[in-house]
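Below is one structure, written out as structure tokens; the observations come after it.
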Amino acid sequence: MAPPPSHSQAVLPAQNLVLDRIEQVDDRFLVDVHVQNAARCPVCGKLSQSRHSAYVRHLKDLPWQGFAIELRLKTRRFRCRNQACTRKIFAEPLPEVARSHARWTTRVGEIIRLIGYTAGGLPGSRILDRLAIPISDDTVTRFVKVSSDDLASNPIRHIGVDDWAWRKGQSYGTILVDLDKRQVIDLLPDRSVESLQAWLERHPGVEVISRDRCGIYAEAAEQGAANAVQVADRFHLFLNLSTAIERALEERSRELFLPDPAPKQQAVEVPPPSERRTTLEEQRKQQRRQRRHERYQRVVELHRLGHTQRAISFEVGIQRKTVRRWLRAGQFPERKPVTGRRSHVREFHEYLQQRWNQGCHNATRLFQEIRARGYRGSRQMVSHHVSSWRANPKSGSSSKKRRFDRIAPKHAAILTCRPTERLSEQQRILFEQVAVNCPIIRSMRFLARDFREAIATHDKDGMLHWIRTATQSGIGPLIRFAYGLNKDFNAVVAAVETSWNNGQTEGQINRLKAIKRQMYGRAGFHLLRARVLPYRAMAP
Ligand SMILES: [Zn+2]
């Protein structure tokens, strides 16, 4: 039994459709409709009353109350009576219902596209199935790809270009961002001079190209848009600088150990052992744990990005077997509590040092003395602790460099490059400690600061001066960096003098990565491109 025509009429996709019949077959409704008014010739626009024939189109439409709907649309063919018209026979066009040859109504197609764009092919087909719009994931994917071909035709003036990884370390694509509209304008399947050059030739209005510092995009811009201003991206400039500083510190990794804190006053007034343990030792333990935790997070992050264990070991500066152990653990492996002995003798360092300098060089005697002050470890530990002083009996301060107080070049580079106001008190102290044995790190810090300032204050002369200073710094990696800046000088000056940068491009790359990950690597380039480009409603 059909529902009252006035209500069911309202749910049809267009006002000029007339409902003839509704029939239920299993879990779907078949809805017969026809068009009432006369049709216009799509070529000349003249109305025609001369019917030629009719046929039935099957269109899937929006579900009703959880039931799938199939429209059986009786479509008429007409003769065009306009003598001047080239068209003799035409089928009535119904753009508000469905595109010609479509198997879905336009309104349900739009929903399929939006869900496919947001969720991807397979998840999209699952959601749609639940909504009583049964559809395969391939079809969802086809819907999403449809409109990605019509790119924004209005002129694009300022673009950001960067690469993104299909497979880390293996294949890369290129992303182009409209810096004015803050939207992705295109995705290229590779990272090559030819493809970007061709794209730029198709878009001659581009005035500014913000790019990284690898030569490919520079050359493509040179060839494809010779009049456009190239801007070296600031973020990449800073990145290149900090990499250069890190390399310089790697070359000096022997100097990257921390001196003994050895405060002078404490040796005289020895606080009770329990209190001392909670302060000094606990604090240092916390710092060690913090450093270890940072390394752990870095390992996990690099692993997620697809780096090999060897590469991670090199990058983070820890042994490969540690990398393997951490990745296997699946969570941050807390250190087992140390049994105390080793640390205990260190707690008495100041006292031992004071007694040593007073002339007491007998390990057994020293052992007995600190035992009376709460030491619980063995005599051998004391003997070992003072043994290094024996070579140079005058000073008890020439203790051995301790392995655990080394700092990774990467970590030291971060401390060197970060502005003072963004360092914590602890980090400031740490930097000062590093500088004791590696004084050149101070020069690097000044260089990093001046570099930042030159860019922040749009100071072209400052940058020129910086390049000269770095060239004469005597620090190999920084000299090479400065030469690189000279080679790319116009783009570097543009980075200093203008405000264009690739910040948004980086953001769009993160979005791309998220979409790519969600597609489980199954997606082809075209679907990825369609989903990264901004969503556009289908033109009727
Ligand atoms: Zn006509």
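Converting from the sequence shown to my numbering requires adding 37 to each position, the first position being numbered 1. All residues carry an ideal CB built from backbone N, CA and C; glycine is no exception. Keep in mind the model is a prediction, meaning the values are calculated, not measured.
Heavy atom of ligand 1 less than 6 Å from the Cβ of residue i, yes or no?
{"i": "ARG116", "result": "no"}
{"i": "ASN119", "result": "yes"}
{"i": "CYS251", "result": "no"}
{"i": "VAL80", "result": "yes"}
{"i": "ARG271", "result": "no"}
{"i": "ARG163", "result": "no"}
{"i": "ARG124", "result": "yes"}
How big is the Cα-Cα spacing for residue i and residue j?
{"i": "ARG113", "j": "ARG568", "result": "37 Å"}
{"i": "ALA269", "j": "LEU570", "result": "24 Å"}
{"i": "ARG271", "j": "CYS81", "result": "57 Å"}
{"i": "SER432", "j": "ASP199", "result": "Bear in mind that the predicted position of SER432 carries a pLDDT of just 48, short of 50, making it unreliable; the figure below should be weighed with that in mind. Looking at the two C-alpha atoms, the distance is approximately 58 Å."}
{"i": "ARG379", "j": "ARG250", "result": "Legend: pLDDT at ARG379 = 47, less than 50; position of this residue unreliable, value from coordinates given subsequently. Whole-angstrom Cα-Cα distance: 50 Å."}
{"i": "ILE172", "j": "GLY561", "result": "19 Å"}
{"i": "ILE355", "j": "GLU371", "result": "16 Å"}
{"i": "HIS495", "j": "ARG239", "result": "33 Å"}
{"i": "LEU54", "j": "ASP166", "result": "27 Å"}
{"i": "ASN538", "j": "LEU213", "result": "13 Å"}
{"i": "LEU67", "j": "GLN346", "result": "60 Å"}
{"i": "VAL183", "j": "ARG77", "result": "27 Å"}
{"i": "ASP487", "j": "GLY521", "result": "17 Å"}
{"i": "ALA613", "j": "VAL533", "result": "Any question about residue 613 goes unanswered here, given that the chain covers just 38 to 577."}
{"i": "ALA135", "j": "PRO241", "result": "36 Å"}
{"i": "LEU564", "j": "GLN545", "result": "16 Å"}
{"i": "VAL353", "j": "TYR333", "result": "9 Å"}
{"i": "ILE193", "j": "PRO79", "result": "34 Å"}
{"i": "ARG416", "j": "TRP426", "result": "16 Å"}
{"i": "GLN207", "j": "ILE253", "result": "16 Å"}
{"i": "ASP585", "j": "ALA255", "result": "Given that the chain is displayed from residue 38 to residue 577, the structure contains no residue 585 and the question cannot be resolved."}
{"i": "VAL230", "j": "ALA257", "result": "5 Å"}
{"i": "ARG328", "j": "GLU147", "result": "51 Å"}
{"i": "GLU126", "j": "ALA47", "result": "The identity of residue 126 in the sequence shown is Ile, whereas the question assumes Glu. ILE126 and ALA47: Cα-Cα distance of roughly 31 Å."}
{"i": "ARG361", "j": "SER350", "result": "9 Å"}
{"i": "LYS218", "j": "THR542", "result": "12 Å"}
{"i": "LEU99", "j": "ARG65", "result": "11 Å"}
{"i": "VAL423", "j": "PHE294", "result": "20 Å"}
{"i": "HIS273", "j": "LEU389", "result": "51 Å"}
{"i": "ARG443", "j": "SER290", "result": "9 Å"}
So is residue i buried or exposed if we call it buried at 16+ other beta carbons inside 10 Å?
{"i": "VAL419", "result": "buried"}
{"i": "ALA574", "result": "exposed"}
{"i": "HIS138", "result": "exposed"}
{"i": "ARG440", "result": "Note on ARG440: pLDDT 45, under 50, position unreliable in the model; the coordinate value appears next. Counting Cβ neighbours within 10 Å, ARG440 comes out exposed, since fewer than 16 surround it."}
{"i": "GLN73", "result": "exposed"}
{"i": "PRO33", "result": "Because the chain in this structure spans residues 38 to 577, residue 33 falls outside the shown range and cannot be described."}
{"i": "SER510", "result": "buried"}
{"i": "HIS195", "result": "buried"}
{"i": "ALA91", "result": "exposed"}
{"i": "ILE152", "result": "buried"}
{"i": "ARG482", "result": "buried"}
{"i": "ARG392", "result": "buried"}
{"i": "GLN86", "result": "exposed"}
{"i": "LYS97", "result": "buried"}
{"i": "LEU84", "result": "exposed"}
{"i": "PHE385", "result": "buried"}
{"i": "ARG566", "result": "buried"}
{"i": "HIS344", "result": "buried"}
{"i": "THR178", "result": "buried"}
{"i": "GLY197", "result": "buried"}
{"i": "THR453", "result": "buried"}
{"i": "ARG248", "result": "buried"}
Check your understanding: In chain order, which alpha helix (DSSP H) runs of at least 4 residues are fully inside the segment 318-376?
Key -> With a minimum length of 4 residues, the continuous alpha helix (DSSP H) runs that stay inside the segment 318-376 are 319-341, 346-353, 357-366.
Review point. Along the chain, which unbroken stretches of the beta strand (DSSP E) at least 3 residues long are found entirely within the segment 206-262?
Key: DSSP runs (the beta strand (DSSP E)) wholly in the segment 206-262: 208-215, 220-225, 245-248.
Exercise for review: For the segment 432-519, list the alpha helix (DSSP H) runs that are entirely contained and at least 4 residues long, ordered along the chain.
Suggested key: 446-454, 462-474, 477-493, 497-508
**Study point:** Continuous alpha helix (DSSP H) assignments of at least 4 residues falling wholly in the segment 40-101
**Key:** Every alpha helix (DSSP H) of 4 residues or more that sits fully in the segment 40-101 is shown, in chain order, as 42-47.
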